[in-house]
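Those protein sequences? They're chains A and B, same order as listed.
Those letters in the first sequence? Residues 1071 to 1287, per this note's numbering, in order.
Those letters in the second sequence? Residues 1071 to 1287, per this note's numbering, in order.
The beta-carbon is built from N, C-alpha and C at its ideal position, and this holds for glycine as well.
In this text the structure is predicted, and so the values were computed from the model without any measurement.
A short write-up of the structure that comes next.
2 protein chains.
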Amino acid sequence: MTEPHSSPKPFDHLFVSQLNELFRWRRDVRRFQTRPIDESLLTELIYSCLNAPSVGNSQPWRFVVVKDQRARHAVCKNFEKSNDLAALANADDSKEHYKKLKLAGLKEAPVHLAVYCDKNPVEGKGLGRQSMPETLEYSVVLAIGQLWYSALAHGIGLGWVSILDPDEINATLDTPDNWRLIAYLCMGYPEEQHSDPELVRENWQGPTDYDTKLFYR
Amino acid sequence: MTEPHSSPKPFDHLFVSQLNELFRWRRDVRRFQTRPIDESLLTELIYSCLNAPSVGNSQPWRFVVVKDQRARHAVCKNFEKSNDLAALANADDSKEHYKKLKLAGLKEAPVHLAVYCDKNPVEGKGLGRQSMPETLEYSVVLAIGQLWYSALAHGIGLGWVSILDPDEINATLDTPDNWRLIAYLCMGYPEEQHSDPELVRENWQGPTDYDTKLFYR
């Protein structure tokens, strides 16, 4: 209560329009250059999302930079196996199309980043998550979003790989039992950039009708 | 594949520093002015997050603007009941402190926005969520993050109320069975703005040691 009354400098029209451009170009990247990300920039990017929103200010995010080549290789194998299984789940007329899609850039991406949720963080003393405990995991997702925007503002792309067996990832990375895998991310300079989703460009789906998303009560 | 090779205009240092300012001032707001949000601005803000990341481009977010006064009143009661229950769960030496915290601005906030996840969206044909189905809910969380930043860029604050019984909210809003409540949000012009978390200002917790969040494998 000692902070003087204060407020940020108002954000002007130029900033708002640049922010919308950032959102528009913020795509899931699956084609990376092999050019490395400077180590200090990577740390800066991860630090830039540590003030993300979290339930009861619990800050349950734990970031694991995966450098070990055997671990990275195991994650690539994990993806291939999970992706073969996922292909089978498609309708017959979609199976071949599915197999042609490039759904991850794990091999090329210079940075692998596993993001975990600590299920019992000390920060915030459990406040705010009695009735909707899943907000703890959601907090980690909010930090990942913030990282995504920060990275793109520095010209770095991010791809979220969800086609993985999470238990196997935990074993590969030997993570604590009370951590839950939220996301496995690839990061690097993109080979190409787009303002539309790859799945639309590849005719997996049509463009979206935004009118179907908003309701009133 | 017909889009010409393209890329966004690089984001300059000024934008990066403004983006970091946006993140720094992006706080959970619980004290709102009663001044309304212009209807067209609210729609613009919601639309500005519809290109958020989503698993398999499933876009499962469903936004419900809650205008009905009886529904809003029921949500306030829901919070009060849930908050009384949550207070009991605190250690004895924290109970009184907990009760003094202001954890929601539901009564004053001009806008109530419930955000749902459609558990069976048609978009994307189920791609990407066989092995980690929770990424569907996570997609909605990413959209909420994007809304939060957009809102603040327009001077509008957002508060995420997690101390609620979600089943009761669904009944109050009469939502479809295949929708899951992800978040109940308050929006409005903030009475005051801060760059540090309220729970730290109120001595509920200390400042965070960022070094405890980053690991290497």
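- Message: Please classify A1184 of chain B as buried or exposed, where buried requires at least 16 other C-beta atoms within 10 Å of its C-beta.
- Response: So A1184 of chain B ends up on the buried side.
- Message: Using only the alpha-carbon positions, how far apart do A1174 of chain A and V1231 of chain A sit?
- Response: 6 Å
- Message: Does I1048 of chain A come out as helix, strand or coil in the three-state DSSP assignment?
- Response: This structure leaves residue 1048 of chain A out entirely; chain A is present only between 1071 and 1287.
- By Cβ distance below 8 Å, which residues in the same chain neighbour K1172 of chain A in space, the five residues on each side in sequence not counted? Excluding its 5 nearest sequence neighbours in each direction, K1172 of chain A has C-beta neighbours in its own chain below 8 Å: R1100, R1101 and E1268, listed in chain order.
- Item | Endpoints, the alpha helix (DSSP H) within which C1146 of chain B is located | Q1139 to L1158
- Give the single residue among A:T1113, A:L1120, A:E1204 and A:E1150 whose Cα lies nearest to the Cα of Y1286 of chain B. A:T1113
- Is there at least one Cβ from chain A nearer than 8 Å to M1071 of chain B's Cβ? Low per-residue confidence applies at M1071 of chain B: pLDDT is 42, beneath 50, and the placement is therefore not dependable, though the value from the model is reported in the following sentence. True, the Cβ-Cβ gap to chain A drops below 8 Å.
- Item | alpha helix (DSSP H) runs contained entirely in the region 1161-1219 of chain B, provided each spans 4 or more residues | 1162-1170
- Item | 8 Å Cβ cut-off: residues of chain B touching Q1263 of chain A | S1076, S1077 and P1078
- Message: Pull the bridge partners of F1081 of chain B from the DSSP assignment, please.
- Response: Its beta-bridge partners do not exist; DSSP assigns none.
- Interface residues of chain B around D1235 of chain A at Cβ under 8 Å? S1201
- Query: Where does H1083 of chain A land, buried or exposed, given buried means 16+ other C-beta within 10 angstroms?
  - Reply: By the 10 Å Cβ count, H1083 of chain A comes out exposed.
- Message: Taking the beta carbon of Y1219 of chain B as the centre, do at least 16 other beta carbons fall within 10 Å, making it buried, or is it exposed?
- Response: buried
- Give the DSSP-derived three-state secondary structure of R1132 of chain A in the structure shown. strand
- Query: Going along the chain, which unbroken runs of the alpha helix (DSSP H) with 4 or more residues stay wholly within the region 1088-1131 of chain A?
  - Reply: Given a length threshold of 4 residues, each whole run of the alpha helix (DSSP H) inside the region 1088-1131 of chain A is given here in chain order: 1109-1117.
- Query: What does a CB cutoff of less than 6 Å around E1261 of chain B pick up in its chain, not counting 5 residues either side in sequence?
  - Reply: R1101 and Q1103
- Task: Measure from the alpha carbon of P1246 of chain A to the alpha carbon of each residue in A:R1199, A:A1253 and A:K1189, then state which is nearest.
- Result: The residue among A:R1199, A:A1253 and A:K1189 with its C-alpha nearest the C-alpha of P1246 of chain A is A:K1189.
- Query: Looking at the C-beta of L1176 of chain B, does it have a partner C-beta in chain A at a distance below 8 Å?
  - Reply: It does not: the Cβ of L1176 of chain B has no partner Cβ on chain A nearer than 8 Å.
- Task: Count the CB pairs spanning the region 1162-1172 of chain B and the region 1226-1242 of chain B that are closer than 8 Å, and state whether there are at least three.
- Result: no
- Task: Using a threshold of 8 Å, state whether the C-beta atoms of S1209 of chain A and V1125 of chain A are closer than that.
- Result: yes
- When you compare each of B:R1096, B:N1121, B:R1105 and B:L1111 to E1091 of chain A by their alpha carbons, which one comes out closest? B:N1121
- Message: Classify D1098 of chain B: buried if its beta carbon has 16 or more other beta carbons within 10 angstroms, exposed otherwise.
- Response: buried
- Query: In chain order, what residues of the same chain have a beta carbon less than 8 Å from the beta carbon of A1223 of chain A, not counting five sequence neighbours either side?
  - Reply: Beyond the five residues adjoining it in sequence on each side, A1223 of chain A comes within less than 8 Å, by CB distance, of L1092 in the same chain, given in chain order.
- Task: Can you give me the Cβ contacts of Q1129 of chain A inside the same chain, cut-off strictly under 8 Å, excluding the 5 residues immediately before and after it?
- Result: Here Q1129 of chain A has L1120, P1191, E1193, G1194 and S1209 as same chain residues with Cβ atoms under 8 Å from its own Cβ, once five neighbours each way along the sequence are excluded.
- Out of B:W1249, B:L1155 and B:C1146, point me to the one whose CA is closest to L1206 of chain B's CA. B:W1249
- C-alpha gap between P1106 of chain B and L1155 of chain A, whole angstroms: 51 Å
- Grouping DSSP H, G and I as helix and E and B as strand, with all else coil, what is P1236 of chain B? helix
- Cutoff 7 Å; reference E1272 of chain A; Cβ partners in own chain excluding five residues on either side: L1171
- Query: What residue from B:V1136, B:L1111 and B:D1108 has the CA that sits closest to A1253 of chain B's CA?
  - Reply: The shortest Cα separation from A1253 of chain B among B:V1136, B:L1111 and B:D1108 belongs to B:V1136.
- Message: I'd like to know whether the C-beta atoms of L1212 of chain A and V1211 of chain B end up nearer to each other than 8 Å.
- Response: yes
- Could you round the C-beta distance between N1148 of chain B and I1214 of chain B to whole angstroms and report it? I think they count as a contact, below 8 Å. Not really, about 19 Å apart at Cβ, beyond 8 Å.
- Contacts that I1116 of chain A makes with chain B (C-beta to C-beta distance below 7 Å): L1284
- Message: Tell me which residues of the region 1101-1130 of chain A have at least one Cβ-Cβ distance to chain B shorter than 8 Å, keeping chain order.
- Response: For the region 1101-1130 of chain A, the residues whose beta carbon sits under 8 Å from a beta carbon of chain B are, in order, T1113, I1116, Y1117, S1118, C1119, L1120, N1121, A1122, P1123, V1125, G1126, N1127 and Q1129.
- Query: Any C-beta of chain B sitting closer than 8 Å to the C-beta of D1163 of chain A?
  - Reply: no
- Helix, strand or coil for Y1280 of chain A, going by three-state DSSP, please let me know. helix
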